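What follows is one structure encoded as structure tokens, with my remarks underneath.
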Amino acid sequence: MRLLITGASGLLGLNMALRCAAAHEVTGVARGRLVGLPFAYRRADLTDFAALPALLDEVQPEAVIHCAALADVDACEKQPALAQRVNADLPGELARLCAARGVRLVHLSTDAVFDGAKSDFYTEDDRPNPLSAYARSKLAGERAVQAALPEAVIARVNFFGWSASGRRSLAEFFFRNLREGRPVKGFTDVHFCPLFVGDLSDLLLSMLEKGLQGLYHVVGSQALSKYEFGVALARQFGFDESLIAPVSVEAAGLTARRSHNLRLSVHKLSTDLGRVVPHYLTGLMHFYTQYTQGYPQRLQRFPQGDA
Ligand SMILES: NC(=O)c1ccc[n+]([C@@H]2O[C@H](COP(=O)([O-])OP(=O)(O)OC[C@H]3O[C@@H](n4cnc5c(N)ncnc54)[C@H](OP(=O)(O)O)[C@@H]3O)[C@@H](O)[C@H]2O)c1
-14 MRLLITGASG LLGLNMALRC AAAHEVTGVA RGRLVGLPFA YRRADLTDFA
36 ALPALLDEVQ PEAVIHCAAL ADVDACEKQP ALAQRVNADL PGELARLCAA
86 RGVRLVHLST DAVFDGAKSD FYTEDDRPNP LSAYARSKLA GERAVQAALP
136 EAVIARVNFF GWSASGRRSL AEFFFRNLRE GRPVKGFTDV HFCPLFVGDL
186 SDLLLSMLEK GLQGLYHVVG SQALSKYEFG VALARQFGFD ESLIAPVSVE
236 AAGLTARRSH NLRLSVHKLS TDLGRVVPHY LTGLMHFYTQ YTQGYPQRLQ
286 RFPQGDA
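So in the working numbering, spot 136 of the sequence shown is number 121, and the numbers just go up one at a time.
Given below as structure tokens:
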């Protein structure tokens, strides 16, 4: 398949592009300069909407996997207009252009569209109620995509893995601090379903190959608190888990409001794909194996500043 993957310098975009590059014709899109990639890439600021038609016409993808976003929740709270442009207007524009060209689209959204008030797992039929500027902009993005291209896959996700900056995922936060013996806080009252980024990439590709359409929850099959996730990571790496202080998210002084319940059901996904969705523990094992193989250092060599 000829794939255009946006956000190719980001946590998902880079991992997904690397994973797809062996079997597919991948072009990544990134704002900064990247070197030594095993796939083609274009430099573009995607908020320049006027440049998007030429990008699609030159690459002629069969599918776009749209990973680019303003994904920093607290930055979105401070810059809601930019969040709206990047997370809502841009996916709407891309969906419109894909619809006009017969190009398939996978759009990435978030578990944070829910307010967390439900005591059970959220399904795709539950009504979103975003609490933050980030979550509002992501929900607006979902709606813009649905309006322009109803056949698009919209995947609500939560994932962890290694990134080029070493600072994009919760797992990297725990890893970085625990390896240095630094105490950290782990939220006991935020429950989520983390999925290893490699597993997420495989699932998204399978969804494309199987021709799935519409809204899906694409997260891990098991729920746990962010504190418990930190402890599981510490055990996987042999770090001192007592460095993780169990605290409430409400005491953390974060800028944007957070949902306490980010548990999403993957029933629809596993039924439609006909396969089991991976557990975070197997994902943590892959995360650890990548570490032992020097994968984080490999990622860090790709970005070359803004030269
Ligand atoms: N990480 C999670 O667990 C999580 C949870 C829920 C939802 N999501 C969603 O999953 C998707 C991928 O997230 P991620 O964690 O991979 O995010 P990320 O690591 O922050 O990467 C975002 C990417 O978007 C690019 N980007 C931002 N603005 C751009 C612009 N104007 N033009 C071109 N590129 C631009 C960034 O480029 P630069 O490197 O140049 O900034 C980066 O490559 C996003 O839609 C996010 O909302 C992530």
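Beta carbons are placed, not taken as given, at the ideal position from N, Cα and C, and that holds for glycine. Fair warning: this is a prediction, and the values are worked out from it, not measured in the lab.
As computed with DSSP, ASN143 is found in no beta bridge at all. Taken atom to atom, the span from the alpha-carbon of GLU194 to that of SER227 is near 44 angstroms.
According to DSSP, VAL175 shares a beta bridge with no other residue. Taking C-alpha positions only, ALA140 is separated from ASP30 by approximately 23 angstroms. The continuous beta strand (DSSP E) containing GLY13 extends over residues 10 to 15. At least one heavy atom of ligand 1 is found less than 8 angstroms from the C-beta of GLY(-2).
Considering only ALA85, ALA120, GLY268 and ARG248, the residue with the shortest C-alpha distance to PRO38 is ALA85. Secondary structure note for VAL58: its alpha helix (DSSP H) is the uninterrupted segment 58 to 63. For the options VAL175, THR108, LEU155 and VAL58, the alpha carbon positioned closest to that of SER117 is the one of VAL58.
It is roughly 28 angstroms from the alpha-carbon of PRO231 to the alpha-carbon of HIS202. In the structure shown, the three-state DSSP call for ASN246 is strand. No residue range can be given for THR108, since it is assigned to no alpha helix (DSSP H) and is classified by DSSP as neither H nor E. Considering only LEU(-3), ARG70 and GLU47, the residue with the shortest C-alpha distance to HIS9 is GLU47.
For ligand 1, a non-hydrogen atom lies closer than 8 angstroms to the CB of LYS123. For the pair VAL88 and ILE(-10), the Cα-to-Cα distance works out to about 13 angstroms. The beta carbon of THR32 sits closer than 7 angstroms to the beta carbons of ARG70, VAL71 and LEU75 from its chain, once the five residues preceding and following it are set aside; these are given in chain order.
Rounded to the nearest angstrom, the Cβ distance from TYR265 to GLY205 is 5 angstroms, consistent with a contact under 8 angstroms.
The beta-bridge partner set that DSSP reports for PRO115 is empty. In this structure, the C-beta of SER244 stays at least 8 angstroms away from each heavy atom of ligand 1. In this structure, LYS211 keeps its C-beta atom at 9 angstroms or more from the C-beta atom of LEU134. In the structure shown, GLY21 falls within a coil segment according to DSSP collapsed to helix, strand and coil. Closest in C-alpha terms to PHE144, from the list VAL14, PRO168 and PRO179, comes PRO179. Taking every protein chain shown into account, the CB of VAL175 has 16 or more other CB atoms within 10 angstroms, so this residue is buried.
In the three-state reduction of the DSSP assignment, GLY199 falls in the strand class, which pools E and B. Three or more beta-carbon pairs separated by less than 8 angstroms link the stretch 158 to 165 to the stretch 216 to 223, which places the two stretches in contact. Beta-bridge partners assigned by DSSP to ALA48: LEU(-12) and ARG89. When the five nearest sequence neighbours on each side are left out, the beta carbons in the same chain lying within less than 7 angstroms of the beta carbon of LYS170 are those of ALA230, VAL232 and ALA237, in order along the chain.
Judged by their CB atoms, LEU(-12) and VAL49 are nearer to each other than the 9 angstroms cut-off.
Excluding residues up to 5 positions away in sequence, SER186 lie with their Cβ nearer than 6 angstroms to the Cβ of ARG4 in the same chain. When beta bridges are read from the DSSP output, SER94 appears opposite ARG141.
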